[in-house]
Each structure stands twice: as structure tokens, then as C-alpha cells.
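Numbering (this note's numbering), first residue to last: 5 to 244. All remarks here apply to the structure that follows.
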């Protein structure tokens with residue numbers, strides 16, 4: 005049956021959970037700042053080619069953390085705006101806890117958690133039910149990862165030669181879909197639009213500039229607030 009964990013036990017069991025992962029490792033934590041021990045364990049998982057999925061809920065992820073994680077080939081990063089859950093699992097065990105994967109929390113906070121082990125028959129249904137929720141969280145999150153497989157590129161098009169009318173029949177794509185098309189993280193795609201003065205952010209919502217509208221950008225209410233959709237041809241410009 006499930007085992008109760010105190011702060012120090014959570015940290016110890018979490019390291020064991022990461023170390024023992026052979027096929028998959030999911031890390032769900034709103035705040036993310038990795039200790040040296042956790043980084044070493046993730047490096048081991050990279051070498052062992054374990055599928056790692058990390059969902060965080062604070063877009064202000066430190067550049068050093070983002071840079072480190074994006075360099076790991078078998079890690080995929082997801083951003084979930086309303087995430088408050090903290091859950092960690094491999095193919096056999098799961099920890100549901102109050103503790104973020106944040107070094108300060110592990111060293112200074114008083115935390116509580118539960119260890120679920122599918123080796124115990126009573127725990128299997130709890131593990132399965134929580135796993136379904138995690139799948140839903142990931143499905144509805146923004147993919148911040150780099151695609152590791154080279155993507156087929158569309159014919160190159162000069163942005164300045166395109167007008168809104170020439171995009172009128174184009175398929176419109178969200179940032180996440182452009183990320184999948186180009187192999188570039190959603191965060192960097194958004195930065196590209198901002199740097200090229202096509203889009204800007206105000207109070208957590210995205211807006212097109214006049215230049216962006218001329219290139220076919222369309223504002224639309226999305227799951228997490230207003231977003232901007234773009235003609236699929238613009239993927240070639242992002243990829244240059």
C-alpha cells in the first residue's frame with residue numbers, strides 16, 4: 005500500500021525513482037530548479053536513452069536551467085500555465101507530493117508526500133488514474149522542446165514579399181504547431197516573432213503588430229488566453 009513520506013524521505017525516494025527509471029521518467033513541478041544530484045541523475049538517464057518528460061508551470065524558467073534541459077536529447081519540456089500539481093513517476097513508482105523539484109524546497113521547506121508502488125496490487129489503480137491525468141496535462145501543455153528529428157522544410161519565401169491577401173487561403177498554425185513543423189521550441193518561435201516586430205505580449209496575452217497583421221497573423225482566443233495564429237508558409241522564414 006501507499007507509503008507516507010516526510011521531507012527528507014521525499015528527496016531520497018525521488019532520487020531513487022529517477023535512478024531506477026528504465027523506460028520513462030515524468031517530472032511534474034510548477035517550480036523547477038535542479039540540484040547537482042538531480043542533474044547527474046538526468047545525465048545518466050540521457051546515456052541510458054530513457055524517455056524523460058518534464059512539465060513546469062512558471063515561464064520564467066532560468067536560462068541556465070532551460071539551456072541545460074534543451075541540450076538533453078531524450079528530454080521533452082512542456083509548459084502548463086495553471087499547473088500546481090507536483091508528481092514524479094517512472095514505469096513502476098510514483099510520488100505525489102507538496103514538494104516542487106526546486107533545490108530550496110528540498111533543503112528548507114517542510115513537505116509531505118505519498119509513494120505509490122505498482123509492486124503492490126492496491127497501488128496499481130491509483131497509479132493508473134494519476135497517469136491518465138498526467139497524459140491530459142501533457143496533451144494540453146505547450147511543448148517547449150526542440151524536435152530532435154530533422155523536419156521537412158517548406159520552400160523558402162521572402163517575408164517582405166508576402167501580403168495579407170496572399171496568405172488568405174493559407175492554413176493557420178498555433179505556435180505549438182509551428183514548433184512541430186520547424187523543430188524549434190515554442191519559446192524561441194515566440195521570441196522570433198517579437199524580435200521581428202510581428203507580435204508582442206501584454207498581460208500574458210499575445211497581440212499582432214500592424215506588420216504582423218500584414219503577414220497574415222490572426223488574433224484568437226485560446227485555451228490559455230489570447231494567442232496569434234500564423235500562415236503555415238511562415239515556418240520557412242523561421243527556419244532560415
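We treat Cβ as the ideally placed atom computed from N, Cα and C, and that holds for glycine.
CA-to-CA distance, residue j to residue i, given in whole angstroms
i	j	result
residue 158	residue 239	Confidence is the limiting factor: at residue 158 the pLDDT is only 39, short of 50, which leaves the residue's position unreliable, though a coordinate-based value still follows. Answer to the nearest angstrom: the Cα atoms are 7 Å apart.
residue 127	residue 175	46 Å
residue 184	residue 212	21 Å
residue 155	residue 86	Its pLDDT being 40, under 50, residue 155 is placed unreliably by the model, and nothing is read from it.
residue 236	residue 193	13 Å
residue 46	residue 35	17 Å
residue 242	residue 22	36 Å
residue 111	residue 37	12 Å
residue 11	residue 62	23 Å
residue 115	residue 52	31 Å
residue 74	residue 66	12 Å
residue 143	residue 137	10 Å
residue 8	residue 135	19 Å
residue 70	residue 222	29 Å
residue 199	residue 33	30 Å
Contact under 7 Å by Cβ, residue i with residue j
i	j	result
residue 224	residue 233	yes
residue 203	residue 124	no
residue 96	residue 122	yes
residue 31	residue 14	no
residue 72	residue 50	no
residue 83	residue 181	no
residue 26	residue 55	no
residue 148	residue 189	yes
residue 103	residue 120	no
Limits of the unbroken alpha helix (DSSP H) element including residue i
i	result
residue 54	Unbroken run through residue 54: none, as it is neither H nor E.
residue 235	Note, residue 235: premise wrong, no alpha helix (DSSP H); beta strand (DSSP E) at 229 to 235.
residue 132	128 to 143
residue 187	Residue 187 -> no alpha helix (DSSP H), and no H or E assigned at all.
residue 209	Element bounds for residue 209: not the alpha helix (DSSP H) but the beta strand (DSSP E), 209 to 212.
residue 25	Here residue 25 belongs to no alpha helix (DSSP H), and DSSP marks it neither H nor E.
residue 241	238 to 242
For residue i, the nearest candidate out of the options (CA to CA)
i	options	result
residue 131	118, 142, 143	118
residue 231	207, 242, 237, 241	207
residue 217	192, 197, 226	197
residue 226	241, 210, 219, 220	210
residue 220	129, 229, 199, 178	178
residue 133	70, 60, 100, 75	100
residue 81	135, 205, 8, 191	191
residue 60	229, 88, 129	88
Enclosing beta strand (DSSP E) for residue i [first to last residue]
i	result
residue 93	91 to 94
residue 83	79 to 83
residue 8	7 to 10
residue 226	222 to 226
residue 204	203 to 206
residue 98	97 to 101
residue 71	Residue 71 -> not in any beta strand (DSSP E); alpha helix (DSSP H) instead, spanning 67 to 74.
residue 28	28 to 32
residue 117	116 to 121
Beta carbon proximity, residue i to chain B, threshold 7 Å
i	result
residue 110	No chain B appears in the structure shown, which is made up of a single protein chain.
- Query: Any contact of the region 14 to 21 with the region 86 to 97, i.e. 3+ C-beta pairs under 8 Å?
  - Reply: Yes, the region 14 to 21 touches the region 86 to 97.
- Assess, as a yes-or-no matter, whether the region 36 to 49 is touched by the region 102 to 110 under the definition of 3 or more beta carbon pairs within less than 8 Å. Three or more Cβ pairs drawn from the region 102 to 110 and the region 36 to 49 lie within less than 8 Å of each other, which places the two stretches in contact.
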